[in-house]
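Protein sequence lines correspond, in order, to chains E and P. Per the working numbering, the very first residue in the first sequence carries number 32; after that it's consecutive. Per the working numbering, the very first residue in the second sequence carries number 12; after that it's consecutive. Don't be surprised by glycine CBs; every beta carbon is placed ideally from N, CA and C.
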Amino acid sequence: MKPDTYFKRFSVTVVSLWLGLFALGAFLLVISVSFLSHSNDELITGPITLANYAALADMIYVKIFLRSLLLAGSCTVMSLVLGYPFAYLLARAPEKIKNTLLLLVIIPFWTSSLVRSYAIVALLKAQGILNTVLLSLGIIHQPLQLLFTDTAVMIGLVYNLLPFMILPLYANLERFDMNLVDAAKDLGASSWRILTRIIIPISMPGIMAGCILVLLPAMTLFYIPDLLGGAKSILLGNLIQMQFLSAHNWPLGAALSVVLTAFTGILVLVYRRYSTEQDRQDFV
Amino acid sequence: MKWLLLLSLLLSGVVHASEVLNIYIWADDIPAEVIHQFEKDTGIKVNIAEYDSNETMYAKIKAARSSRYDIILPSSYYVERMAREGMLEPLDTKRLSNYGNLNAQFIKPAYDPNIPHSIPYLWGVTGIFANRQYFDPEAISSWNDLWRPEYKGQLLLLDDAREVFSMALLALGYSPNDTDSAHIKQAFDKLAALKPNVRVFAVEAAPSIINDADATVGMVWNGDVYQIHDENANIDFIYPKDGFVIWSDDLAILKNAPHKANAYKFLNYLLRADVAAKCSEYQGYATANLAGQHVLPKDMQNNPTIFPPASTLKHGQFQRDVGDEVLAVYDRYWQQLKLL
Numbered sequence: 032m033k034p035d036t037y038f039k040r041f042s043v044t045v046v047s048l049w050l051g052l053f054a055l056g057a058f059l060l061v062i063s064v065s066f067l068s069h070s071n072d073e074l075i076t077g078p079i080t081l082a083n084y085a086a087l088a089d090m091i092y093v094k095i096f097l098r099s100l101l102l103a104g105s106c107t108v109m110s111l112v113l114g115y116p117f118a119y120l121l122a123r124a125p126e127k128i129k130n131t132l133l134l135l136v137i138i139p140f141w142t143s144s145l146v147r148s149y150a151i152v153a154l155l156k157a158q159g160i161l162n163t164v165l166l167s168l169g170i171i172h173q174p175l176q177l178l179f180t181d182t183a184v185m186i187g188l189v190y191n192l193l194p195f196m197i198l199p200l201y202a203n204l205e206r207f208d209m210n211l212v213d214a215a216k217d218l219g220a221s222s223w224r225i226l227t228r229i230i231i232p233i234s235m236p237g238i239m240a241g242c243i244l245v246l247l248p249a250m251t252l253f254y255i256p257d258l259l260g261g262a263k264s265i266l267l268g269n270l271i272q273m274q275f276l277s278a279h280n281w282p283l284g285a286a287l288s289v290v291l292t293a294f295t296g297i298l299v300l301v302y303r304r305y306s307t308e309q310d311r312q313d314f315v
Numbered sequence: 012m013k014w015l016l017l018l019s020l021l022l023s024g025v026v027h028a029s030e031v032l033n034i035y036i037w038a039d040d041i042p043a044e045v046i047h048q049f050e051k052d053t054g055i056k057v058n059i060a061e062y063d064s065n066e067t068m069y070a071k072i073k074a075a076r077s078s079r080y081d082i083i084l085p086s087s088y089y090v091e092r093m094a095r096e097g098m099l100e101p102l103d104t105k106r107l108s109n110y111g112n113l114n115a116q117f118i119k120p121a122y123d124p125n126i127p128h129s130i131p132y133l134w135g136v137t138g139i140f141a142n143r144q145y146f147d148p149e150a151i152s153s154w155n156d157l158w159r160p161e162y163k164g165q166l167l168l169l170d171d172a173r174e175v176f177s178m179a180l181l182a183l184g185y186s187p188n189d190t191d192s193a194h195i196k197q198a199f200d201k202l203a204a205l206k207p208n209v210r211v212f213a214v215e216a217a218p219s220i221i222n223d224a225d226a227t228v229g230m231v232w233n234g235d236v237y238q239i240h241d242e243n244a245n246i247d248f249i250y251p252k253d254g255f256v257i258w259s260d261d262l263a264i265l266k267n268a269p270h271k272a273n274a275y276k277f278l279n280y281l282l283r284a285d286v287a288a289k290c291s292e293y294q295g296y297a298t299a300n301l302a303g304q305h306v307l308p309k310d311m312q313n314n315p316t317i318f319p320p321a322s323t324l325k326h327g328q329f330q331r332d333v334g335d336e337v338l339a340v341y342d343r344y345w346q347q348l349k350l351l
């Protein structure tokens, strides 16, 4: 064997052990807790039961799940509408500008998302930057109540997750062969037809990847609705946190986590079903 | 100079490595200066770990079978729960020569009625605030006033199921520690009617939200208003006449604490009048130490927001543990309230 192979084996082993212990091992613990019970004095105790999963059929949990899905869904649509044209232009831009623009998309990741959400609070507050500027310009006469509204939540979510939409779209669109557009034009297709029949279908794997990458975190980024929406709603993330901390019901919290993970797994399977090997390499 | 100080601190830690005390307390609840003085006086090295909610602290202690910690600082209703579950050491008050400094009102409180498991440290009440620039504080005297339509989309409520339900239960004339599910249901219906008035639920962010007028009326802890007053004098605190909740943070020794003798020394030190006053002044919350209260600066001692007269305080009730079953009822209604 070449030394190169040893190195390869070594890194693969280390990473697998790491993931096995801290991801798979931890998740197996969560799964086992989800089948246990709890009592007034013990966080987890026997007997083994399916009651935690049965409890999830409760309308209130279904409602919370649907509410999270709706919010995450609208955030995904917004991100797609904003991100797609940007990714398209980015992929067509001259090399020099392209790199600068890509850097601008990535730079926000250097700061914690929580800190950036607080920055949005400072922008939107009654006495925040936006209101101060608008008031001093005489455009408005009363401060706008932007903070603690659904608009603020949407701004926060889309702002935080937009790069996850742009990057897979960009990776896909960059490989798009412009000759196809020229050919379609020569054959008399309208711009709309070119977009809907050629560009969008070919970039579908990129769209799917971007949507999954935005939808899943949007379901659980509970601190954004808390900080920017005034904690007036409850999302799946809050519900899980609540079961573990305030309700002392670890088994139910674990069952909720397992269901969320299963939902994620299904979406990833759907993605694999409709994508090619090449797309998946881009995705990684 | 600073480096030298740091170095000497480190060294002192090394020298007395055998004498340690591990405390697990609310973030920033005991001033560093007070802890350093204790280390200097006794040569005991104090290791500090911090939490930001009773729930986090409880889960961490409960999940670990044996504890590294000696002293914790739970709120009153968690003292009750943890004492019931046998997690706290019954205190031998004979070993605490300064125990007599405590305010009699806080000795054998409802949440810890027999042999003490806890020593009240700081306390406060949950009441109403109003920003005078927007609303007349004189017009508000009870929790029920918050339901007025003129406060639509203005209220700040604490993001805590128990606190919010206590408010509604008091407004209905029930106990804030009610365990009757019919009463809790009534409180939920009352809160559902309040939801359109709510602008924000918050706890940690509450002081800045109030200070910057992002919410102009609502629920608040009295100490927060006392502190905001330095920056924004337009905020008034109101003791609701239909009653209010008193909470306290209490020092306790864990049952399986590894350094019990040191823990007693530390508790007795914190019970000293001058030390209690320093902590109270630092936090801007009332001390349960009567001797300490008397050595506070006059303007704090006489501040009615922090130290209300006895005639007002008698309308207050301690926040109590209600047990997991009732808590689950509260949580369920809380989730429904947020879904509205």
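Taking each of P/S153, P/T227 and P/K276 in turn and checking the Cα distance to E/Q158, the smallest one comes out for P/T227. E/Q274 carries a helical assignment under DSSP once its states are collapsed to helix, strand and coil. Listed along the chain, the chain P residues whose CB falls inside 7 Å of the CB of E/A157 are D223, A224 and D225. Contact residues of the stretch 232-264 of chain E toward chain P are D257, L258, G260, G261, A262, K263 and S264 (C-beta to C-beta distance below 9 Å). Residue state for P/D261 is assigned as strand, using DSSP reduced to three classes. Judged by beta-carbon spacing, P/I246 lies within the 7 Å limit of P/F140, meaning their Cβ atoms are closer than that value. Secondary structure in the stretch 177-262 of chain P: the alpha helix (DSSP H) runs of 4 residues or longer, each lying completely within the stretch, are 192-205, 217-222 and 233-239 in chain order.
Under the DSSP definition of a beta bridge, P/I36 partners with P/E61. Residue state for P/Q165 is assigned as coil, using DSSP reduced to three classes. Annotation note: the stretch 282-336 of chain P contains the following uninterrupted alpha helix (DSSP H) runs of length 4 or greater, listed N- to C-terminal: 284-294, 301-305, 309-312 and 321-324. Boundaries for E/I170: no beta strand (DSSP E) harbours it, and the DSSP string shows neither H nor E there.
With 16 or more other Cβ atoms from the protein chains shown falling within 10 Å of its own Cβ, P/D332 counts as buried. Spatial neighbours of E/P282 in its own chain (CB-CB distance under 7 Å, excluding positions within 5 residues in sequence) are listed in chain order as V64, S65, L67, S68, H69, I75 and N83.
If you draw a straight line from the Cα of P/G229 to the Cα of P/E149, it comes to about 14 Å.
The bridge partners DSSP lists for E/F53 come to none.
The C-alpha of E/V289 lies about 27 Å from the C-alpha of E/S110.
Taking the C-beta atoms as reference points, E/A103 is found no nearer than 7 Å to E/M239. Ranking P/L181, P/V57 and P/N114 by CA distance to the CA of P/A274 puts P/V57 first.
Within 10 angstroms of the beta-carbon of P/I220 lie 16 or more other beta-carbons, which makes it buried. Between the C-alpha atoms of E/G114 and P/N313 there is a straight-line separation of about 59 Å. Judged by their CB atoms, E/Y302 and E/I231 are not nearer to each other than the 7 Å cut-off. Taking the beta carbon of P/T67 as reference, the chain E residues within 8 Å of it are L276, listed in sequence order. Residue contact with chain E for P/R210: present (Cβ-Cβ distance below 7 Å to some residue of chain E). Not flagged as an interface residue toward chain P: E/L165, since no C-beta distance is shorter than 7 Å.
For P/N114, there is no enclosing beta strand (DSSP E), as DSSP marks it with neither H nor E. Here P/F140 carries a strand assignment [DSSP, helix/strand/coil].
Within 7 Å of the CB of E/N71, the CB atoms of chain P belong to G334 and D335, in sequence order along the chain. DSSP places E/I243 within a helical segment (H, G or I) once states are collapsed to three.
Scanning chain E for C-beta atoms nearer than 8 Å to the C-beta of P/A172 yields S277, reported in chain order. P/V31 has P/K56 as its beta-bridge partners, per DSSP. A direct Cα-to-Cα measurement between E/I233 and E/T80 gives close to 48 Å.
Chain E has a Cβ within less than 7 Å of the Cβ of P/D342. Assignment of E/I197 by DSSP, reduced to helix, strand and coil, places it in the helix class. The C-beta separation of E/L121 from E/L132 comes to about 5 Å, placing the pair in contact by the 8 Å criterion. The beta carbon of E/Y149 lies closer than 8 Å to those of L258 in the same chain, with the five residues before and after it left out. DSSP places E/S234 in the coil class of the three-state scheme, outside both helix and strand.
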